[in-house]
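Have a look at the structure below before the remarks.
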């Protein structure tokens, strides 16, 4: 079986030394626990939002030492949305599946990427949430088998009252899913950008949460694949 072309889109905004340390941890962990075990084509794309040049150069040195094929785009201070929009102009031409990863998430145990990308053989699956499931309003769904009677997952209901059917946590997405969502809002706080794109109908359709991987639905719960790093915020200078 030919595996789909996989791109990790690492969103960075490194203006503080802590944020550089977080980004290094995110990069090294996704490689060690994920990418080095993937048998298909892999690309690492840094979607940068106006990081300090010396910090960006240091992160790129880490990428070179690891030996990943890599590309770079820069949002030039336009915020999370601008970073994403610039990145898609590069990666959509070279990818089938995107692993969206903000620079303050650490992969803490082996992630079965080759198993997960098979979910996308099911046309109902367009985005796979890899973080915890949080909700403030009712979030419903139905249990499905993603792959030929295997791989149980929860297909979330796009009509759920909960605003975050999808979320900004680590996730796998098809290029078509991202294209259907379209451009993200620019010049806004990252939380506001996330809320805006998560509210779109296209972002709420085809979202699943795996049930056969021993993942925890609770933040910080046993079995989580990703852990949030540190407490230094990326941005405090944009409108919400």
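Numbering (the working numbering), first residue to last: 10 to 249.
Backbone N, C-alpha and C define an ideal beta-carbon position, used for all residues, glycine too.
Ignore the nearest five residues each way along the sequence and tell me which others in residue i's own chain have a CB closer than 8 Å to its CB.
i	result
residue 226	141, 142 and 218
Taking all protein chains shown into account, decide if residue i is buried (16 or more other Cβ within 10 angstroms of its Cβ) or exposed.
i	result
residue 74	exposed
residue 46	exposed
residue 16	buried
residue 43	buried
residue 177	buried
By DSSP's criteria, residue i is part of a beta bridge. Which residues make up the other side?
i	result
residue 236	115
residue 18	54 and 109
residue 170	Partner(s): none; residue 170 has no beta bridge.
residue 63	Note: residue 63 sits in no beta bridge, so no partner.
residue 259	Residue 259 falls outside the range modelled here, since the chain spans only 10 to 249, and no answer is possible.
Could you name the residues of the same chain whose beta carbon sits closer than 7 Å to that of residue i, not counting the 5 residues immediately before and after it, in chain order?
i	result
residue 175	136, 138, 207, 212, 213 and 216
residue 161	152, 154, 220 and 221
Let me know the secondary structure DSSP gives residue i once reduced to three states.
i	result
residue 142	coil
residue 33	helix
residue 192	coil
residue 197	strand
residue 13	coil
residue 227	coil
residue 26	helix
residue 203	helix
State the CB to CB distance for the pair residue i and residue j, rounded to an integer number of angstroms; the pair is presumed to be in contact (CB under 8 Å).
i	j	result
residue 94	residue 195	7 Å
Which same chain residues, not among the five before or five after residue i, have their C-beta less than 6 Å away from its C-beta?
i	result
residue 144	171
residue 173	207
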